[in-house]
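In UniProt numbering, the protein residues as written are 1 to 43.
All C-beta atoms, glycine included, are put in the ideal place defined by N, C-alpha and C.
Remember, predicted model here, so these are calculated numbers, not experimental data.
What follows is a short report on a single structure.
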């Protein structure tokens, strides 16, 4: 029989990885938005 714990931890780590990627995308879009707004205000 296959143990359930490794599969559960794998799903949890995958979920954590996805949330980390979402945070990175969010931070990246925020940085781009700030950069664009600064670019607009300088002109």
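By how many angstroms is the C-alpha of residue j removed from the C-alpha of residue i?
i          : j          : result
residue 27 : residue 17 : 15 Å
residue 22 : residue 33 : 16 Å
residue 36 : residue 19 : 25 Å
residue 29 : residue 14 : 23 Å
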